[in-house]
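Engineer: Pasting in a structure now, in structure tokens, and then I'll have a few things to ask.
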Amino acid sequence: MDMAETRQSDGLLTVLRGKEAALHRFDVRRDPDLLDALLDDGFHEIGRSGREYGKQSIIASLLQESADEAPEIRSQDYRLTLLADNVALLNYRSAHLHADGRVENHALRASIWKKTNGVWRLAHHQGTPTDRFPVA
Numbered sequence: 001m002d003m004a005e006t007r008q009s010d011g012l013l014t015v016l017r018g019k020e021a022a023l024h025r026f027d028v029r030r031d032p033d034l035l036d037a038l039l040d041d042g043f044h045e046i047g048r049s050g051r052e053y054g055k056q057s058i059i060a061s062l063l064q065e066s067a068d069e070a071p072e073i074r075s076q077d078y079r080l081t082l083l084a085d086n087v088a089l090l091n092y093r094s095a096h097l098h099a100d101g102r103v104e105n106h107a108l109r110a111s112i113w114k115k116t117n118g119v120w121r122l123a124h125h126q127g128t129p130t131d132r133f134p135v136a
């Protein structure tokens, strides 16, 4: 990878990490218009629990969350792999931080982002339970 490709890849990592982290925020998770804009129409998720979701079912599920039960989602160690000019794989680790200081639900995450009409949208997401790790 040459310097120009590295800069382009670093820029895309910043963009996609920002979009992914936005999906972790309670205010975004409660906004159906923002969720619609971030998720591809063919979105599919296999959650950490093993449950599968489509776009409409994940939006409905997120809109049910209450502020009291929604922990802060911490994410870190992002890595980007370009699969094609308009398809990128984003891997990272996440954990839930509760108001009482508990940290749980450690997971390895994989998201496939697809660029359509100049806009990156989340097409697929999978969470896999993992051992505890230090949360930044």
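In the UniProt record's numbering, the protein residues as written are 1 to 136. Where a beta carbon is used, it is the ideal one built from N, C-alpha and C, also for glycine.
1) Would His24 pass as a contact of Ser75 if the rule is Cβ separation under 8 Å?
2) For a test of the three-state rule: what should DSSP assign to Asp100, helix, strand or coil?
3) To the nearest angstrom, how far is the alpha carbon of Thr81 from that of Ala88?
4) Tell me which residues share the same chain as Gly127 and place their Cβ nearer than 6 Å to its Cβ, disregarding the 5 neighbours each side in the sequence.
5) Out of curiosity, what's the CA-to-CA distance linking Lys19 and His44?
Structural biologist: The answer reads as follows:
1) Here residue 24 refers to the residue found at position 24 of the sequence shown. Here residue 75 refers to the residue found at position 75 of the sequence shown. Cβ atoms of His24 and Ser75: closer than 8 Å.
2) In the sequence shown, counting from the first residue as 1, residue 100 sits at position 100. Coil.
3) Sequence index remark: in the sequence shown, residue 81 carries index 81 (1-based). Sequence index remark: in the sequence shown, residue 88 carries index 88 (1-based). Roughly 6 Å between the two C-alpha positions.
4) Residue 127 sits at position 127 when you count from the first residue of the sequence shown. Cβ neighbours of Gly127 beyond the five flanking positions: Gly47, Arg48, Ala107 and Arg109.
5) Along the sequence shown, read from residue 1 onward, the residue named residue 19 stands at position 19. Along the sequence shown, read from residue 1 onward, the residue named residue 44 stands at position 44. Their backbone Cα atoms lie some 17 Å apart in a straight line.
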